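Numbering (our numbering), first residue to last: -12 to 262.
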């Protein structure tokens, strides 16, 4: 009699344990139609503390000759749709399956590091050079430092500079496109009246940006904040010259400088100016 009571007690504990597993499986999978027999028959099995559908056996007659079926063949979303009758997702898939109407952020679908496109290398191929000359009136008024400071603060790089008194032949070649203008002789004489500072600046869109920094040819039309708008008054004394196009910049640089006088280097501030 005592032995029979012990067997009944063990059977009751085993049955209670199975019912606890059923309740936990219902909570994990959302299935309301599970019972003890579903667990004992192997329809659901325990994997990593979560209930998942039992994989079909190769020994079953229906599966012979078909090879091993991959569980991922139905997809995580398909399995979740069949096992989430109450709309609750298993903690195993929590964070992997998308919310209704959302995008899936599963690491399985993310682009691997091997196939990701590397960032484009940063080069100086997209930069250009311009010719800037501080005229005799800018030199006499002591504005050389202020003008250089503006280009440096903007982020442009100085690659060549010389202090000289330009000859008439050099100035006539420099202003060859203005030789038919009535002010051409006076312009050459004015530029030859004192020393000038010839410079080559390099940077992204430096020709266009440099012209904006200089201001209009007539200082009266230049806006405050530009070099001519801040430092000069009359058009005949506009203190500075700048190339108006990339083509003219190349011509003027070759006219005033030899190739070996252009210093090619990388500034330590390059990474803080260009992204």
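By construction, the Cβ of each residue, glycine as well, lies at the ideal position given by its N, Cα and C atoms. Computed from a predicted structure; not experimentally measured.
Per the Cβ contact rule, the stretch 220 to 230 is not in contact with the stretch 144 to 153 (fewer than 3 Cβ pairs under 8 angstroms). Rounded to whole angstroms, the Cβ separation of residue 143 and residue 189 is 7 angstroms, and the two are in contact under 8 angstroms. Counting along the chain, residue 114 sits inside no alpha helix (DSSP H), nor does DSSP assign it H or E at all. With respect to the C-alpha of residue 127, the residue from 220, 156, 116, 180 having the closest C-alpha is 180. For residue 145, the enclosing beta strand (DSSP E) stretches over residues 144 to 151. Boundaries of the beta strand (DSSP E) around residue 189: 183 to 190. Around residue 251, the same chain offers 146 as residues with beta carbons nearer than 8 angstroms, after the five sequence neighbours per side are excluded. Going by DSSP, residue 227 is part of the beta strand (DSSP E) stretching over 227 to 229. Judged by DSSP secondary structure, residue 249 falls outside any alpha helix (DSSP H); it is assigned neither H nor E. Residue burial is scored here from C-beta neighbours: residue 219 has at least 16 other C-beta atoms within 10 angstroms and is therefore classed as buried. For residue 206, there is no enclosing alpha helix (DSSP H), since its DSSP letter is neither H nor E. If you ignore the 5 residues before and after residue 192, its C-beta comes within less than 8 angstroms of the C-beta of 115, all in its own chain and listed in chain order.
Under the three-state reduction of DSSP, residue 120 is assigned to strand.
For a cut-off of 8 angstroms, the C-beta gap from residue 194 to residue 236 is around 6 angstroms, short enough to register as a contact. Residue burial annotation: residue 165 is exposed, with fewer than 16 other C-beta atoms found within 10 angstroms of its C-beta. Distances from the CA of residue 199 to each of 221, 246, 215, 243 were compared; the closest alpha carbon is that of 215. In the assembly as shown, residue 155 is an exposed residue. Its beta-carbon has fewer than 16 other beta-carbons within 10 Å. The alpha-carbon separation between residue 163 and residue 121 amounts to approximately 19 angstroms. The C-beta of residue 240 has 16 or more other C-beta atoms within 10 Å across all chains shown, which makes the residue buried. Assignment of beta-bridge partners to residue 196 by DSSP yields no partner. Closest in alpha carbon position to residue 244, among 260, 186, 255, is 186. By the CB criterion at 7 angstroms, residue 242 and residue 160 fall inside the cutoff. Remark: C-beta atoms of residue 183 and residue 158 do not approach each other more closely than 7 angstroms.
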